[in-house]
Each structure stands twice: as structure tokens, then as C-alpha cells.
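Number of protein chains: 2
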Amino acid sequence: MGNSAILSSRPVVTPPPVSVVAGRSRRRHDAARAVTLVAQRLATEHGLDGFTMEQLADAVGVSRRTLFNYFPTKDDAVLGELPPVEERALETFRARGPSGRLLLDLGVLATHLIGAISPEPEEVRALQLVLERNPRLMVKANARFEDYVAGFRREIAEREGYAADDIRPRVAVAVVVSLYESALKEFAAGSDRRPFTEIFAETVAAARSLVHE
Amino acid sequence: MGNSAILSSRPVVTPPPVSVVAGRSRRRHDAARAVTLVAQRLATEHGLDGFTMEQLADAVGVSRRTLFNYFPTKDDAVLGELPPVEERALETFRARGPSGRLLLDLGVLATHLIGAISPEPEEVRALQLVLERNPRLMVKANARFEDYVAGFRREIAEREGYAADDIRPRVAVAVVVSLYESALKEFAAGSDRRPFTEIFAETVAAARSLVHE
DNA sequence: AAATGCACTCTATGGGTAATAGTGCAATCC
DNA sequence: GGATTGCACTATTACCCATAGAGTGCATTT
């Protein structure tokens, strides 16, 4: 359990629910990502309330007003955007692929999303610290993540044709999310510098071995 | 991810790590439980900072000073104590029982602990609300829970003879905790008034069906 | 032995104010 | 033509300080 919030380092622009990152969007995404990296650095060095949007704007090289074109609030600038779901990956999932087994396919989708984040352990630790020191930000991070995974629950219910009150979407997402969080803790605590995707895969494998023992 | 904190309603005194509830301890536990119920009621009605320890003491019928004999802080009085692990249940677990399969046995232990809580849905919802409105309390609740489950991780590593850096204890606990939290959400949201243990069992069954599909 | 009264220390909260986040619109720039 | 920006404004939050209340230790009472 744990009150681990999703930690996005190097997050990507949240596009419309399902979209392909392209041309203008790509440039926008890269710009927003740069804002977030700087915002996270400033938050780590000075605290969340220790830097102003003016300072962030200066550090990024845009106007303060423009920052609000990328992010609705200062908190969102620091948290960044959650990884987008690429259209092809989602179509595969909807078509009950790649394996036909829900938990496995959800794990594949999660791996894909995790690959889009590619955090460094120091970044995860730093952002964890910022969150710990700012319960407001943690609450917001968790609310955002909850909305994000709610979308996956809906996709699951639809793919599997579950009834509206079926608890399996919630359970499936809860299990995969718990593995993600467990892996994130290992990643942040680890000293061996393996990529996060590798640690997630190892965590999934450990869960599988526990289930099939 | 959820930021669901453990919600203890009708919590039991946190005894020494492994102990049997008896005589004097039972009376102490009942008294502490009464304090927590009143504290939770006051927090729900007035907010966490909207009642004083003096008021809580008056409502319970003890002196303010005595409250601190039961709980180290006001927050702890509201959160209550986490359920104790009964000695017999722990001995069974340590002896690799009841089934010999770690995840199943951990689920049995969790069911036992959940049985000791027996919350009502209104209580869960009320306490969730208090936590939402008081990030400080939520942070504390989560830190306590993290310590609590760390103990189970140690028990698992010992029971299974895992190496110190083996990730399986963390994964096993993460999965069971995610099922607990998922069940808690269903319980708080539900309108059919089934006991929490039943909903947890249903959640475990759903996870099992997803794994074996 | 546990509860309690009491006096004290420490910390967090409340209120007022100023700083900053957030907003809308028009002008400018690429 | 769309994005950026400047600007003036509104709304909200952080900061500061004093006070209330949480927390503490000890002696007395039950």
C-alpha cells in the first residue's frame, strides 16, 4: 500500500485521450517537457513555493503568460503530463491483443507507457522528496493518476464486455499499478542503474512466479 | 494509483509486534478504541483541527493527560491503532501454513486482520473525507501503514528464506495490499451492505480468475 | 499502577497583508 | 494565421506574528 504517487519524470504532454504524437504536437510536447524539467529542478532546489512562474519563465526562455499555454497551473508544470496512449497500442489492446489475456496485455500496455517516461533514479527520488514536502502536490498528483487509470478501467470493461458493476477492471488495474509502484520503489532505491522498464519487467516476473508457485 | 490510505475504523490497540490480547491489555485496547471512535466522530463533525484534546477527553470521560497514555499524538488518536497480529495466526504463517503457497497464505493473514477491523461503510467514507481534507493526516496514515507492512515483508523473507535483496516480499505485499485497497473502495462505495471481509474475498477471487484466464 | 492535575515547552493555526498564481484581451511577432 | 507576449486585472495562497492548543514531565491522588 503506500501512498506512492505516480512519479513522472520526463513526462510527455497529455494529448487527447487517444492520439498520435505528430508534427506540431511533437514540438509542443517537447516544449512542455522542457518546462517541466526546469520546473522540477527549481522545485527540488528551492521548494515548490520557492520559485515563481516568472523565474520559471526566465529559466525556460518564454514569457510567464506562455507557461499557462502549456500547463493550467504551476503544480501541473511541476508534475508534467502523463504519458499518452499511442493509437496503435490502444487499438491492439482493444482488439484483445497481443495475447488475449487481460492481465498480460495490460502489463504490455503499461510497459509501453513506462517506456515513454524513462526517468532517472535521481529524478524520481528528487520528485518524491518534493511530493513528500508538499502534501498539496501529492494529493493533486494522485488525483490526476486516478483519473488516468480510470480511463484504462473503462477500456478494460469495454474490451472484455464486462457489466458496469463488474469489479475485474478495478482489480486488474489495481494489480498492475501495484507492480508499477513496487518497481518504482526498487528503481528509486536501487544503485545498479538498470532502466526502469527492466525493473518493471522483473517485478512482473516475480509476481508471476509467486502466482504459479 | 491510488492514494488510498489505510482506513481503520474500530481499530484495535497496536499491541507489541506479536501478542495475544488478554486481560489488562483487553481493557486498555477497549478504552483506546473508544477514544478513537469518539475522535473520529469529532473529526468528522468539526474537522481535524476543529476539536481540542480537552473536548475529546470530556467526551470520552477521561482527563486530557490520560489521552496521551493511549495515543502519542492527536493524529494517532484519530487514526486509531493498526490491527494486531495474533500469535497463533503468525505462527501458522511462519510455519508456511495454511496452504504452503505464499500469496494464498498472505491473503489468509490479511483476511484475518481485516476481520479484526470490521468497519462500517459510513465510517470508512467519513474517515476518507477527514483524510482528504487533511493531507497531513493522510501522510501520517500512510507512513504508519508502510511501517506496518514492512513487518510483513520481513516475515515473508524469513518464512521463504529469500535473500535480503529479493524483491518478492515487496511484490507479494504490494499485490495483496492493492487487493485490500481495491476492496476498500468497493466497500466504501457500495450500497449493498455486505461485510468488508466478503468484499475482500470477492476481490481476491476476481484477481485469481484474471490470473488463470 | 494508572489516572490526573498542573505548569511548562513546543508547535501549529488563524488573521491580515502582500506576493504571486491565474485570467482575459489585444498587440506583436514569426 | 497562429503563437507569443505584454499588460492590467482578479483570485488565491504564502508569509508573519501572536495565540491557542498539542505535547511533556513530574508529583499527587485514586
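Those protein sequences? They're chains A and B, same order as listed. Here the working numbering is used: the first residue of the first sequence is 1, the next is one more, and so on. Here the working numbering is used: the first residue of the second sequence is 1001, the next is one more, and so on. All C-beta atoms in this analysis are idealised placements derived from N, C-alpha and C, irrespective of residue type, glycine included. This one's a predicted model, so the numbers in the text were calculated from it and none came from an experiment.
Length of the line joining the Cα atoms of residue i and residue j
i: T52 (chain A); j: V139 (chain A); result: 21 Å
i: P98 (chain A); j: V85 (chain A); result: 16 Å
i: I114 (chain A); j: L1056 (chain B); result: 48 Å
i: R41 (chain A); j: D166 (chain A); result: 43 Å
i: G1050 (chain B); j: A1039 (chain B); result: 11 Å
i: E1158 (chain B); j: G1151 (chain B); result: 11 Å
i: L103 (chain A); j: V176 (chain A); result: 8 Å
i: K74 (chain A); j: T1092 (chain B); result: 52 Å
i: E1202 (chain B); j: D58 (chain A); result: 54 Å
i: S63 (chain A); j: R1133 (chain B); result: 35 Å
i: R101 (chain A); j: S1178 (chain B); result: 20 Å
i: E1054 (chain B); j: R1136 (chain B); result: 21 Å
i: L116 (chain A); j: G47 (chain A); result: Reading the sequence as shown, one finds Ala at residue 116 (chain A) and not Leu. Near 27 Å, if we compare the C-alpha coordinates of G47 (chain A) and A116 (chain A).
i: E213 (chain A); j: H1212 (chain B); result: 13 Å
i: D30 (chain A); j: F68 (chain A); result: 15 Å
i: P72 (chain A); j: R1096 (chain B); result: 53 Å
i: A1022 (chain B); j: A164 (chain A); result: Note on A1022 (chain B): pLDDT 40, under 50, position unreliable in the model; no value is reported.
i: E1123 (chain B); j: L37 (chain A); result: 41 Å
Nearest neighbour of residue i, chosen from the options [CA to CA]
i: R28 (chain A); options: A:L106, A:T66, A:L79; result: A:T66
i: G1080 (chain B); options: B:A1189, B:E1181, B:L1127; result: B:L1127
i: L1193 (chain B); options: B:L1106, B:E1160, B:S1118, B:T1111; result: Here residue 1193 (chain B) is Arg; the residue named in the question, Leu, does not match the sequence. It is B:S1118 whose Cα lies nearest to the Cα of R1193 (chain B).
i: T111 (chain A); options: A:E160, A:L48, A:E181, A:G47; result: A:E181
i: R1208 (chain B); options: A:A188, A:G190, A:I199, A:V171; result: A:V171
i: A224 (chain A); options: A:V124, A:A77, A:E123, A:I199; result: One cannot answer for residue 224 (chain A) here, as it falls past the ends of chain A, which runs 1 to 213.
i: G1061 (chain B); options: B:D1030, B:E1045, B:V1035; result: B:V1035
i: P1121 (chain B); options: B:H1212, B:A1163, B:A1189, B:D1030; result: B:A1189
i: Y1162 (chain B); options: A:E146, A:L131, A:A206, A:Y162; result: A:A206
i: Y70 (chain A); options: A:D147, A:R26, A:G47; result: A:R26
Beta-carbon contacts of residue i that lie in its chain and below 7 Å, excluding the five residues immediately before and after
i: R154 (chain A); result: none
i: V108 (chain A); result: P98
i: P1195 (chain B); result: none
i: T1197 (chain B); result: T1111, I1114, G1115
Presumed contact (8 Å Cβ cut-off) between residue i and residue j, rounded CB distance
i: V1204 (chain B); j: V1173 (chain B); result: Rounded, the Cβ-Cβ distance is 14 Å, inconsistent with contact.
i: L82 (chain A); j: R144 (chain A); result: 7 Å
i: L1210 (chain B); j: R168 (chain A); result: 6 Å
Close beta carbons around residue i, own chain, < 8 Å, minus the five adjacent residues each side
i: I1199 (chain B); result: A1183, E1186, F1187, G1190
i: R1125 (chain B); result: A1188
i: I156 (chain A); result: L102, L106, Y162, R168, P169, A172, V173
i: T1044 (chain B); result: A1126, L1127, L1129, V1130
i: R1094 (chain B); result: E1155, E1158, R1159
Contact set for residue i: own chain, Cβ-Cβ below 6 Å, skip 5 residues either direction
i: D147 (chain A); result: none
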